[in-house]
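Note that the sequence shown covers residues 0 to 964 in our numbering.
Note that the Cβ used here is the ideal one computed from N, Cα and C, for glycine as well.
No experiment lies behind these values; they were computed from the predicted model shown.
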Amino acid sequence: MRRVSIIVIIALCCGSLNLAAATGEALGPSLEDKIAVSAWSGARGPIPVVVFLEDELPTGLVQLESMAGLRRGQRIKRVLGERLHESKESTERIHRFLIESSSQPVLRHWVVPAFTATLSPDRILELTAQPGVRLVVENLTLDYVTPVSESPASVAVSSVSNELALLKVPTLWQQGLKGTGRLICSFDTGVDWDHPALADKWRGNSEPLSSTWFSKVAPNELPYDAAGHGTHTMGLMVGATEADTFGVAPHAQWITAGVIDQGRPLQTTLSDIIEAFQWALNPDGDTSTTDDVPDVILNSWGVPKGLFAPCDETFTQIVDVVEAAGIVTIFAAGNEGPDPMSLRSPADQASTPTNSLAVGAVNMDKDIASFSSRGPSSCDQTQIKPELVAPGVSVRSSQKGGGYTYMSGTSMAAPYIAGLVVLMRQYSPDATVEEIKQALLQATEDLGATGEDNIYGNGLVDASRLLALLPLPVSPSFKITSTQVSDDGIAWPGEEFGLDILINNPAGNIAEVIGVLETGTAGVVVMSDSATYLFGVGGSSALSMAPYQIRYDSGFHHGHTVDFVLYLQTPEGGSLDTIAFVGTVGVPPSGHIADHSSSRIGFSVSDFAQFGFGTGSLYNAGGKGLRVDGSDNLLYEAGIVLGRNALQLSSSIRDAQGRYQVSDYEPTVDLSTSTIDEEGGLHVTAGYADSRSEIPIPIELTQETISYVDDGGFIIFRFQMRNMTPGWLTGLHFGFLTDFDLDIAGDQVVYDDGAALMYQTGGDGPLVGLVSLKNLDSFKSLDNGAAKRGFSRADKFDLIALDATQHDPGLTGDLMMFLNSGSFAIQGWDSNEVAFAVVIGTDLAELYENAQHARERFDLATAVDEGHQSSLPTAVTLHQNYPNPFNPTTTISFSLSTASDVSLVVYNALGQKVSQLVDGRLPAGSHEVLWNATNASGGRIASGVYFYRLSTSQTSHSRKMLLLK
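Written out as structure tokens, the structure reads:
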């Protein structure tokens with residue numbers, strides 16, 4: 000057996016060498032091996048091949064992309080004319096040979112001169128001897144760049160993803176650049192065309208299917224996604240819903256070529272990709288039209304190793320032709336890192352500094368992802384690869400079937416760059432591919448080693464710098480620089496207001512413009528819709544000569560968006576441009592809002608220390624407010640006050656005039672997707688700090704709200720206040736205000752000291768109360784008077800500083816309840832917790848019953864924290880974190896028998912240090928540390944297993960915890 004194996008190997012090697020001698024370099028490596036095996040085995044079956052002919056691109060075509068002054072449409076028509084009508088005698092001769100020799104129909108390609116055929120090994124060898132044949136390769140399957148990881152994601156409520164903010168994409172949106180009038184194409188696994196975040200952006204809604212969807216498998220079906228990859232990447236380019244924007248260019252349209260993993264046995268072959276490039280150059284088949292041609296093609300695929308010889312330029316030539324027509328091509332670098340020279344072809348090609356521009360992946364801390372393929376180019380090791388990096392770790396986007404998912408990979412990074420291309424094209428429609436790519440390379444933040452390197456390339460793109468690096472538009476191309484609402488700058492619900500618009504025309508080539516403002520949003524009336532803009536000679540900016548007059552419906556909630564369109568025309572009425580922009584009603588929420596919905600209660604919470612947000616409240620932001628058994632909203636306002644004195648005080652409640660006041664608190668940990676504990680409790684967690692306060696208190700608050708579907712008469716509130724300094728914080732006071740409106744005729748407030756319960760009654764409606772659960776020992780009832788009263792800073796501090804209950808049992812009217820704690824002190828890096836519950840009841844008995852249930856549920860939920868705090872510890876003990884698994888915060892508790900120098904460190908599964916939570920001397924006793932799943936730089940970390948280690952001079956203890964996002 001061993002002798003036979005040796006003979007086989009020798010025969011194969013000799014066969015391969017003989018073939019190489021006979022055919023020169025005209026056979027691709029994998030095809031050469033296959034023919035050698037067939038020669039040895041006697042199997043002479045036909046082989047699908049792609050035949051590339053010698054091709055000297057016309058000089059005019061090679062230089063076309065960089066020719067100044069040509070409009071993009073002219074470039075497209077020039078390229079199509081050169082390629083479609085090229086004909087050589089040698090090409091026709093080879094075509095006849097293939098028709099005579101192929102066992103399957105011969106397919107002719109024109110983007111580069113090539114044919115697809117199915118030939119016997121003997122005829123392949125004959126073919127390679129034909130003059131004009133440059134290369135014959137197998138028509139092999141191509142691979143898409145599969146994600147490294149994937150996990151489910153919820154429907155988000157954030158308006159802009161963190162990845163877009165990292166790239167500073169909103170700076171372009173603020174200038175009116177969201178992709179309007181531009182077209183994106185992907186070469187991927189297809190797209191789920193009716194996904195809610197993508198459906199209205201598909202060009203196929205108004206154009207023929209064949210010009211918006213390329214598929215060799217199902218050309219007559221609506222676009223679909225067999226694998227889910229293409230839906231995710233398309234979402235990162237254009238994905239958006241009313242409340243959630245995660246795509247770079249949410250107003251752009253998309254088309255797609257489903258050329259990878261389309262569910263057939265052979266999947267996608269080399270010839271399919273060539274045909275897809277041809278389709279993208281002329282999607283509607285009409286060479287006289289150019290608006291069907293995309294601005295950019297995102298490529299998430301790679302050629303298998305061995306199909307082409309190293310440094311073969313076949314795909315370089317195809318890309319050159321496509322980009323000569325003005326279509327920017329972007330490639331994912333690949334997920335084969337961290338080894339050097341691990342990029343796939345054609346992403347590793349580097350015949351010019353911008354050809355086959357490849358994008359690597361970084362995390363939100365701007366660190367390179369371990370999987371991201373590294374350079375240099377395997378063809379020329381002096382050529383650095385990749386060119387750019389973008390976020391590509393745990394990126395949330397659309398999922399086939401209508402949902403959302405997190406994926407990691409360079410295929411998640413490359414779409415951000417492709418999306419930026421269409422924003423650049425919206426600004427400068429005739430910018431060449433070279434100008435666009437050079438702008439991308441220059442507008443970067445250098446990461447890693449100084450200068451361009453084979454890990455980060457030129458670095459992370461800074462979108463705010465891109466426009467300054469592009470040529471000015473050839474013809475008038477307008478953008479909105481800013482909008483300004485009259486008076487206080489806020490367009491309140493129900494208000495009539497003036498709107499001034501500042502527009503910009505970088506070309507400075509028009510003196511006067513008329514702007515007509517329209518809206519299709521119900522509840523908005525444009526009362527004065529026309530304004531004149533005077534640029535003067537050579538001027539590039541102009542403000543509307545008079546404000547547009549607009550009225551918003553009084554039923555709008557804060558943060559509601561209004562779609563406007565500004566039609567710009569010459570004084571004679573000739574159309575110049577159309578600019579879409581969005582107006583915002585009132586004051587947009589400072590963060591995120593989420594709802595608790597038990598069997599009895601609906602209640603809205605936030606990650607900026609305000610609550611309710613329902614109809615009729617002080618701040619209607621589209622929330623539930625408080626609804627009991629399906630009632631209308633009963634909550635006018637709820638919020639917190641935290642302070643040390645009247646100067647160092649932070650608040651989320653109304654101002655001195657009783658008006659809405661933007662919260663002093665900003666999110667540090669976004670409102671999490673909810674988790675369910677083993678008792679069925681719905682936990683919603685957030686973190687915030689008072690960064691908007693005049694004199695911030697160095698405390699971070701973690702807010703946890705808990706409700707139970709089967710025990711729906713209460714909602715538990717937990718607030719952990721962590722001292723973010725190494726020293727003690729003293730003189731602290733905490734308070735929580737509620738203003739329930741139960742009866743228009745007036746409410747009453749009752750206080751039960753023994754039950755630590757204050758409750759409010761009114762009319763025939765429900766009773767609503769506050770029951771203290773931990774460290775809240777003072778209750779107050781407050782009178783609004785004839786109109787909603789206000790609270791000055793001094794008033795607020797007086798409320799929290801008075802550590803005594805104040806209550807007038809005979810008072811009736813528009814009443815409020817307030818509970819507070821203090822004064823208290825928090826040791827450095829330690830935390831203090833307060834907790835209470837909002838309870839309801841249809842009568843007094845049910846109210847007290849629900850209050851008792853809240854106490855029992857709270858005791859059960861916090862048993863892991865409280866169980867070790869009753870006496871001085873007798874040993875060093877590290878407790879299991881709670882909750883575990885967790886997202887996004889967890890509490891780590893430990894006990895010290897004596898005062899000690901303590902280190903508490905979190906490590907990842909590789910043993911790398913993630914965060915130092917404690918490093919200093921602590922007294923004997925029980926301690927808690929809240930960790931918000933961030934690293935030492937404050938960046939978010941990925942899901943996975945982590946370890947935390949407590950070390951003193953005498954001992955060390957470790958435990959494991961699990962972060963699930």
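With a threshold of 16 other beta carbon atoms within 10 Å, R643 meets it and is buried.
In this structure, the alpha-carbon of M960 lies about 16 Å from that of E927.
DSSP places P887 in the coil class of the three-state scheme, outside both helix and strand. Beta-bridge pairing by DSSP links C378 to no other residue. Looking at the DSSP output, Y532 shares a beta bridge with V512. Per DSSP, reduced to three states, the secondary structure at E832 is strand. One alpha carbon belongs to V295, the other to T409, and they sit about 17 Å apart.
According to DSSP, V524 shares a beta bridge with R550. In the DSSP assignment, I123 falls within the alpha helix (DSSP H) that extends over 120–127. Per the coordinates, the alpha-carbon of D776 lies some 32 Å from the alpha-carbon of A932. Closest in alpha carbon position to Q719, among L221, A412, A251, T888, is T888. In the structure shown, W212 adopts extended strand secondary structure according to DSSP, grouped into three states. The alpha-carbon separation between V110 and L280 amounts to approximately 9 Å. M423: member of the alpha helix (DSSP H) spanning 409–426, first to last residue. S780 is positioned such that its CB atom lies closer than 8 Å to that of M816. In chain order, Y750, D752, S777, F778, K779 place their CB closer than 8 Å to the CB of T804, counting only its own chain and leaving out the 5 sequence neighbours on each side. N907 and S892 have their C-alpha atoms spaced approximately 19 Å apart.
The closest CA to that of M723, considering only D676, G734, M411, L916, is found on L916.
Inter-residue distance for D797 and S397 is about 50 Å (C-alpha atoms, whole angstroms). Ranked by Cα distance from D445, the first of L139, A438, N783, G456 is G456. Bounds of the beta strand (DSSP E) holding S822 are 814–825. For L165, the CB contacts under 7 Å within the same chain, skipping 5 residues up- and downstream, are M363, P390 in chain order.
Across the structure, V833 and Y551 are spaced so that their CA atoms are roughly 41 Å apart.
G937 sits in coil when the DSSP states are folded into three classes, being neither helix nor strand. Note on A530: 16 or more other CB atoms within 10 angstroms of its CB, so buried under the neighbour-count rule.
Put simply, the backbone Cα of H591 is about 28 Å away from that of L859. The region 528–543 makes contact with the region 502–517, as at least three CB pairs between them are under 8 Å.
Using a Cβ distance threshold of 8 Å, K384 and P375 count as a contacting pair. Boundaries around K795 are those of the alpha helix (DSSP H), 792–800, since no beta strand (DSSP E) includes it. Inclusion of H557 and Y618 in the CB contact set at 8 Å is warranted, their separation being smaller than that value. In the DSSP annotation of this structure, the continuous segment of the alpha helix (DSSP H) that includes I98 starts and ends at 88–100. Under DSSP, S596 takes part in a beta bridge, and its partners are G601.
Under the three-state reduction of DSSP, F716 is assigned to strand. Burial is judged here by how many other beta carbons sit within 10 angstroms of a residue's own beta carbon; R856 has at least 16 and is buried.
Contact check between the region 29–48 and the region 69–87: fewer than three CB pairs, one atom from each, fall below 8 Å, which does not count as touching. Excluding residues up to 5 positions away in sequence, T667, E699 lie with their Cβ nearer than 6 Å to the Cβ of A688 in the same chain.
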